[in-house]
Amino acid sequence: MSLSWTPLLLLGAALGALVPAGCCGSLTYFLCYLYLQEPEQIQRLSQSFMRGYLDDLPIAYYDSLMGKMEPLVPWMQEAEEERFQTLEWVFEIDLENLSKLNHQTGGLHTWQVNLGCELKEDGSKGGFLHYGYDGKDFISFDMETLRWVIAQPQAEKIKEKWEDHPGWSQRKKIFLEKTCIEWLQRYQSYQKEALQRLDPPVGKVTRKVVDDSLEVLVCQAFGFYPKEIQATWRRDGEVCHYVTVQRNMALNSDGTYYVQLSIEIDPKERDRFQCYLEHEGLQEPLVLALKEETATDWQIVIGIGAVLILILGYGILFLISK
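FYI, in mature numbering (1 follows the signal peptide of the UniProt record, and there is no 0) the residues of the sequence shown are -16 to -1, 1 to 306.
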């Protein structure tokens, strides 16, 4: 199997079967981590993938080959990457123990882990930990009883081994009830702060000349959050419905958004068009029009050019005289 598509397929199919009912979509707050470890056929090495979810929202992705966490939402850029690396280290130890105890035969096999915690509105907490083997449930942890529940006969020896060491199960319970809940609350605070954030747009209008009878006015709005924005071209104050307007929405690296609108006009009517931007970060619409280059601007440019030419000329004369 090619590593270019296998992670996506298995995370969606194999791990999807391991997500407990109610996770990701309930009124209860959930933090879920889905982890997949698969072998690479040629070099016989393992590659692991992890995806984090806050409720039903994918928030981050981790690939062992990249060795870093990739945020899937802007506010996760604040998250500590070490958390994902810590989880990978814990999962690798668990799966190494599982592989030894399972006495797996030849061939290529995949392990999956589904770990998460829940926090209800009344303050009660819960957690879950499931291990899967080749896309099927294998063994899971009952946090209330500190017992292990098998789904495959070959998991019986693993159950006996782990239950013979109560400290192993107790550490899992502490992680789910304490550490995971702390992460959940931290991510909730990031999300809440992002939702309350208001960055108003700034913008400008430029033009592209097509020919003597046609030009394109381009309205650019950038640096705004959240992404909901109302942008329109208006002619003499009336919204333009009769022309083709192109819209492109993009996410900037800082988590803000960018959009541009273009409209084809007759250059003779240029002064009649304005771009209106309406956003919740603005107290009133931001009205933009094409800013004509003034004579002063041209004088500055010409003056700077003349100075540079003089400096260059003196430099050449100096070199010739040498």
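A virtual CB, placed ideally from N, CA and C, is assigned to each residue, including glycine.
- With the rule of 3 Cβ pairs closer than 8 Å, the region 127 to 140 does not count as touching the region 45 to 63.
- The region 172 to 184 and the region 145 to 164 do not touch, with fewer than three beta-carbon pairs separated by less than 8 Å.
- The three-state secondary structure of Leu20, taken from DSSP, is strand.
- In the three-state DSSP reduction, Lys211 falls in the coil class, being neither helix nor strand.
- Between Leu15 and Leu168 a beta carbon distance of about 4 Å is seen, short of the 8 Å cut, so the two are scored as contacting.
- Taking C-alpha positions only, Phe206 is separated from Leu38 by approximately 28 Å.
- In the displayed model, Glu102 falls within a strand according to three-state DSSP.
- Take the alpha-carbon of Pro58 and the one of Pro269: they are about 26 Å apart.
- Annotation: His114 to Phe68 spans about 18 Å, alpha carbon to alpha carbon.
- With fewer than 16 other Cβ atoms inside 10 Å of its own Cβ, Ala234 counts as exposed.
- Its chain contains Pro251 as the residues whose beta carbon lies nearer than 8 Å to that of Asp196, once the 5 sequence neighbours on both sides are disregarded; these appear in chain order.
- Judged by DSSP in its simplified three-state form, Thr216 adopts strand.
- Scanning the region 117 to 188 from its first residue to its last, the whole beta strand (DSSP E) runs of 3-plus residues come out as 120 to 126, 131 to 134.
- For Met53, the enclosing beta strand (DSSP E) covers residues 52 to 55.
- Uninterrupted beta strand (DSSP E) stretches at least 3 residues long and entirely within the region 242 to 277 occur at 257 to 262, 270 to 272, given in chain order.
- In the structure shown, Ser32 falls within a strand segment according to DSSP collapsed to helix, strand and coil.
- Using a Cβ distance threshold of 9 Å, Cys101 and Val189 do not count as a contacting pair.
- For Thr190, the secondary structure class from DSSP, reduced to helix, strand or coil, is strand.
- When the five nearest sequence neighbours on each side are left out, the beta carbons in the same chain lying within less than 6 Å of the beta carbon of Tyr13 are those of Leu103, in order along the chain.
- Look at Asn236 here: in three-state DSSP terms it is coil, with no helix or strand label.
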